Structure formats: C-alpha cells, structure tokens
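Q:
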Amino acid sequence: MTEPRPAFLRPAAMDRPLDVAFWVEPFMLGRESTFARHLVMGLKSEGQQATFIAPQGVDLLRLPTLGSRVVHFRWHRWEKLAFMQRLRFASVIEQLAKSPPDVIVAWAGMDATLCQGLALVSQAHNIPIIAWVWDASELFGPMMKVAGLAHVVVASQSILDRVPKDLHVGATLIHPGVYTEEAIACYDVEGQMPCLVSLDPLSDVPAYEALIRACRMVADAGEDFLLFAFDQGRQEHPIWQLAEKLGLLDRMSFVPFQQEAEPLLLHGDLYLHVLPTGRVMYRTLEAMGRGLAVVTCMNHGADYLVDGQTCRIVGPQTPEAWRDVLLELLRDRAKAAGIARRGQQYVREKHAMGRMLEQFGSICRQVVGAPIPIARFASGA
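Going by numbering that gives the first Met the number 0, the letters in the sequence shown line up with residues 0 to 380, in that order.
(1) Cα separation between Val294 and Asp187?
(2) I believe Val367 touches Thr179 by the beta-carbon criterion, under 8 Å. Please report the beta-carbon distance rounded to the nearest angstrom.
(3) Given Leu80, which residues of its chain have a CB within under 7 Å of its CB, disregarding the five upstream and five downstream residues?
(4) What did DSSP end up calling Gly169 once you bin it into helix, strand or coil?
(5) Would you tell me roughly how many angstroms separate the C-alpha atoms of Lys445 and Leu291, rounded to the nearest one?
(6) Which residue comes first and which comes last in the beta strand (DSSP E) that contains Trp106?
(7) Kindly indicate which three-state DSSP category Thr295 falls into: helix, strand or coil?
(8) Since Ala35 and Ser155 should fall inside the 8 Å C-beta cutoff, what is the C-beta to C-beta distance between them, to a whole number of angstroms?
(9) Tell me the residue span of the alpha helix (DSSP H) that contains Ser121.
(10) In chain order, what residues of the same chain have a beta carbon less than 7 Å from the beta carbon of Val177, not counting five sequence neighbours either side?
(11) If you scan the region 205-267 from start to end, which runs of the alpha helix (DSSP H) of 4 or more residues do you find wholly inside it?
(12) Can you tell which of Pro200, Pro193, Leu201 and Asp203 has its C-alpha closest to the C-alpha of Ala384?
(13) Please state whether DSSP places Gln343 in a helix, a strand or coil.
(14) Skipping 5 residues on each side, what residues in its chain have a beta carbon closer than 7 Å to that of Ala53?
(15) Is it buried or exposed for Asn298, if we count other Cβ within 10 angstroms and need 16 for buried?
(16) Note down the Cα distance separating Lys144 from Asp18, rounded to an integer number of angstroms.
(17) Taking its Cβ as the centre, do 16 or more other Cβ atoms sit within 10 Å of Cys363, making it buried, or is it exposed?
(18) Residue range of the alpha helix (DSSP H) that Arg323 falls in?
(19) Indicate the three-state DSSP secondary structure (helix, strand or coil) for Ile129 in the structure shown.
(20) Measure the CB-CB distance between Ala49 and Ser67 and report whether it falls below 8 Å.
(21) Based on DSSP bridge pairs, tell me the residues matched to Pro54.
(22) Determine the direct distance from the alpha carbon of Arg278 to that of Gln55, and round the result to whole angstroms.
(23) Write down the C-beta distance between Val254 and Phe229 rounded to the nearest angstrom, noting that I regard them as a contact closer than 8 Å.
(24) Under 6 Å Cβ to Cβ from Leu356, same chain only, skipping five residues before and after it: list those, please.
(25) Among all the DSSP beta bridges, which residues are the ones paired with Gln308?
(26) Round the Cβ separation of Leu226 and Met251 to the nearest angstrom and send it over; I've been treating them as touching at under 8 Å.
(27) Would you identify the three-state DSSP class for Val367, choosing helix, strand or coil?
(28) Once DSSP output is grouped into helix, strand and coil, what is the label at Ser98?
(29) Put His174 into one of helix, strand or coil per three-state DSSP.
(30) For a test of the three-state rule: what should DSSP assign to Arg61, helix, strand or coil?
(31) Have a look at the DSSP bridge pairing and note the partners of Leu271.
(32) When you compare only the Cα positions, how much space is there between Leu210 and Leu304?
(33) Taking buried to mean at least 16 other C-beta atoms within 10 Å of its own C-beta, is Ala139 buried or exposed?
(34) When every heavy atom of the ligand NAP is checked, does at least one fall within less than 7 Å of the C-beta of Pro275?
(35) If you run the structure through DSSP and keep just helix, strand and coil, what is Gln156?
(36) For Glu45 and Ser197, I'd like the C-alpha separation in whole angstroms.
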C-alpha cells in the first residue's frame with residue numbers, strides 16, 4: 000500500500016503559481032518598505048503572483064504593484080464594533096470571491112482592529128495567514144490570536160528564543176534577505192569628508208537631540224563630517240531648530256522622506272541608528288550589506304549586532320557617549336572599515352536574498368496544502 004503524500008505536496012498546490020496576498024500596514028510602507036519590495040519582486044521573478052490588500056488612500060508607490068491585483072478597504076482605527084468592521088471589510092471579501100489568494104502575508108505588529116479585519120477575510124475564503132514577526136513583543140500581540148493564522152516567521156534568533164511554548168502554530172526563523180555590494184562603502188574614497196547617515200524618524204526628539212549635541216562636540220574637536228537625516232515633514236522642525244541653535248546647519252542635510260534611501264547608503268561611511276528598540280531594523284541590515292560601519296544603540300532583538308565586530312554599540316544614550324564612539328571611528332578609519340567589512344560579510348552569509356526567498360516560498364507552499372489550525376478565538380468574538 001502506497002503511503003499518502005503529505006498534504007502540502009498535493010498537486011493542486013504544487014503545479015501552479017501561488018497567489019500571495021500582502022496585507023499592507025504602516026511598517027510595510029515605512030521601515031520595511033524596501034524589504035517588502037524585494038520580497039514581492041523575488042516571488043514574482045519565480046513566477047508567483049501578488050495581491051495587495053490595503054486601506055484606501057495609502058501611497059503604494061514603494062511597493063511593486065504593477066501587474067498585480069490591488070484590493071482597497073475603508074478603515075478607521077477608532078472603529079471597535081464588530082458589525083462596523085464587517086461592513087468595512089465586506090468589499091474586500093466580495094472582490095476576492097472569484098479568485099481568492101492562496102495565502103495572506105501580514106506583519107505581526109498590526110493593531111487589534113486591523114487584525115480583526117484580517118481574520119474576517121481569512122475566514123470568509125479559508126485563506127491561511129503567515130505572520131512576519133520583527134519584534135519579540137509581537138509574539139504576545141493580537142495577531143497571534145487571529146483565526147486563520149497558519150505559521151509565524153520570525154526575523155532573528157533572539158526573537159525565536161522568545162516564542163511561547165504554547166503557540167498554536169509553527170514558528171520558523173528566516174533572516175530577512177539583503178542585497179550586498181562587492182566592496183564596502185565605508186571610507187572608500189580617499190580624502191572625502193566623512194558622511195554620516197541616519198534614517199530613523201526625526202519625531203523622537205530626545206534621541207536625536209543627544210546625537211545632534213554629540214555632533215557639535217565632534218565639530219568642536221576639529222573633525223569634519225556631513226550628517227544626512229531622513230526628513231518626514233513637520234517632524235523635522237524641532238531638530239532643525241536645535242541644529243540651527245548649535246550652528247550645525249552647514250554640516251547637516253535633511254533628505255525628503257519621499258526620496259529613496261538607497262543613494263545615501265551607497266555613498267555613506269557611518270550609519271547611525273539612534274532610536275532604542277527591540278525590533279529587527281531592516282535599514283540597518285541594508286547599511287551593513289552596503290558596507291557602512293554601523294553605530295547603534297542597544298537592541299536585544301537584533302542578533303546581527305555584535306559590538307566591536309559587526310557594529311559599535313553606544314551604551315548610555317548621552318551626547319558624551321555618542322561623541323566618544325563617533326570620534327573613535329572618525330579618527331581610526333581602518334577600524335571603522337574593519338567593522339564595516341565584518342558586518343557586510345555577516346549579512347552576506349546569514350541574510351542572503353536567495354536563501355530567504357527559497358525558505359519563504361517553501362513555507363507558503365506548506366501552509367497552502369496544510370489545514371488551517373483552529374485559533375484560540377475567532378474574529379468578532
């Protein structure tokens with residue numbers, strides 16, 4: 000007697016391209032927009048299809064939607080009543096009725112309202128959900144209780160170590176894929192003024208204030224540099240005022256948020272991450288892949304940050320602490336270049352784009368063929 004084939008290897012799931020739907024939320028359009036774009040383009044290059052489910056009015060220019068189906072819904076964060084949510088997402092359910100996607104990919108940090116809408120759509124068409132976890136705190140958020148959740152993907156070993164033992168679905172570590180350069184960008188042009196790059200939101204004034212004051216101290220110590228910060232509109236103003244007060248405007252440049260960040264990473268020397276977080280930061284991985292020396296605050300969720308090896312970690316978030324590390328890497332270019340080279344090599348070995356696409360495609364195939372587990376509570380409960 001022939002053994003039955005595993006469910007996820009059934010021909011219906013294996014012999015045609017998959018339609019992978021992406022549930023669009025703020026981080027997918029912001030910090031991880033480059034990653035989401037690479038992921039979608041990688042799936043498309045392998046012959047898969049992509050669907051985007053997004054709130055009305057959001058800008059999808061950062062995502063490769065050309066040739067893909069886009070389904071919009073009206074959404075108000077303040078709506079908590081189940082019957083109102085059903086009304087809002089009824090149009091999504093209707094638009095997907097003729098050809099439902101095979102799987103929905105969502106970031107695990109979504110708020111409870113969006114999670115309830117996701118559950119409604121998943122249940123209506125029996126679509127499995129893959130949740131991508133970028134921060135260990137998301138393992139205990141509303142996404143983990145969504146009906147239809149079939150698998151959890153975590154972005155670092157540190158997060159995987161914190162997966163609850165009673166999680167009702169499987170969890171897999173997939174290092175976010177990064178494209179790497181052959182050479183390092185850190186101090187690659189002899190005699191060029193050092194270029195410092197920060198792509199963190201300027202809205203966190205205390206964190207940026209420590210960095211700006213440190214830059215004033217570095218300038219007073221006789222070191223030349225240019226600092227590029229990623230502007231997000233009116234949030235820039237308090238930082239601009241502080242830079243003006245300290246006489247640093249001639250050493251700073253505010254880059255419009257609408258502009259792509261990649262050119263900064265290509266021409267930068269030091270990448271500065273100033274916001275304390277436990278989240279895996281894709282832009283930091285990008286900077287490492289480009290060959291910038293990373294200077295960052297402590298991040299317990301990031302297994303790729305090893306002080307003195309792949310980065311330099313600033314301990315206390317004070318101007319003096321930032322000054323000391325910046326002076327160290329500005330005055331010892333060989334040391335900075337060594338950190339950049341080791342960081343780039345780490346990313347090349349652990350965060351290869353091809354390996355990530357292979358792992359993720361395998362999980363998509365598996366959940367499409369496997370039955371959807373019963374969640375701990377259903378939407379609208």
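For every residue, glycine included, the Cβ atom is placed at its ideal position computed from N, Cα and C. Quantities reported herein were computed from a predicted structural model and do not represent experimental measurements.
A: From the atom records:
(1) Annotation: Val294 to Asp187 spans about 18 Å, alpha carbon to alpha carbon.
(2) So it is not a contact: roughly 31 Å between Cβ atoms.
(3) Caution is warranted here: a pLDDT of 48 is assigned to Leu80, below 50, making its placement in the model unreliable, and the coordinate value is therefore given only provisionally. Correct list: empty, nothing qualifies.
(4) Reduced to three states, the DSSP call for Gly169 is strand.
(5) The structure shown does not extend to residue 445, since the chain spans only 0 to 380, so no value can be given for it.
(6) From DSSP, the beta strand (DSSP E) with Trp106 extends over Val102 to Trp106.
(7) Note: Thr295 maps to strand in three-state DSSP.
(8) Taking C-beta atoms under 8 Å as the contact rule, Ala35 and Ser155 fail to qualify, at a distance of about 18 Å.
(9) Looking at the DSSP string, the run of the alpha helix (DSSP H) that includes Ser121 is Ala111 to His124.
(10) Taking C-beta separations shorter than 7 Å and ignoring five residues to either side along the sequence, the partners of Val177 in its chain run Leu284, Glu285, Gly288, Val346, His350 and Met352, following chain order.
(11) Runs of the alpha helix (DSSP H) inside the region 205-267: 236-244 and 261-266.
(12) A query on residue 384 cannot be resolved here, the shown segment of the chain reaching from 0 to 380 and no further.
(13) Reduced to three states, the DSSP call for Gln343 is helix.
(14) Excluding residues up to 5 positions away in sequence, Val23, Leu59, Val69 and His71 lie with their Cβ nearer than 7 Å to the Cβ of Ala53 in the same chain.
(15) When all chains shown are included, Asn298 counts as buried.
(16) If you take the alpha carbons of Lys144 and Asp18, they lie about 24 Å apart.
(17) So Cys363 counts as buried.
(18) Checking the sequence, you will find Asp at residue 323 rather than Arg. Element bounds for Asp323: Pro318 to Arg330.
(19) Ile129 sits in a strand when the DSSP states are folded into three classes.
(20) Here Ala49 is near Ser67, since their CB atoms are less than 8 Å apart.
(21) According to DSSP, which records beta bridges pairwise, Pro54 is partnered with Phe72.
(22) Straight through space, the alpha carbons of Arg278 and Gln55 are spaced by roughly 27 Å.
(23) So it is a contact: roughly 5 Å between Cβ atoms.
(24) Around Leu356: Gly41.
(25) Partner(s): none; Gln308 has no beta bridge.
(26) By a beta-carbon distance limit of 8 Å, Leu226 contacts Met251. Their separation comes to about 5 Å.
(27) Three-state result, Val367: helix.
(28) Per DSSP, reduced to three states, the secondary structure at Ser98 is coil, with no helix or strand assignment.
(29) Coil at His174, not helix or strand.
(30) Reduced to three states, the DSSP call for Arg61 is coil.
(31) In the DSSP output, where bridge partners are listed per residue, Leu271 has Val294.
(32) Put simply, the backbone Cα of Leu210 is about 20 Å away from that of Leu304.
(33) A quick correction: the sequence has Phe, not Ala, at residue 139. Result: exposed.
(34) Looking for the ligand NAP in the displayed structure turns up nothing, as the structure carries no ligands at all.
(35) The DSSP-derived three-state label of Gln156 is helix.
(36) If you take the alpha carbons of Glu45 and Ser197, they lie about 34 Å apart.
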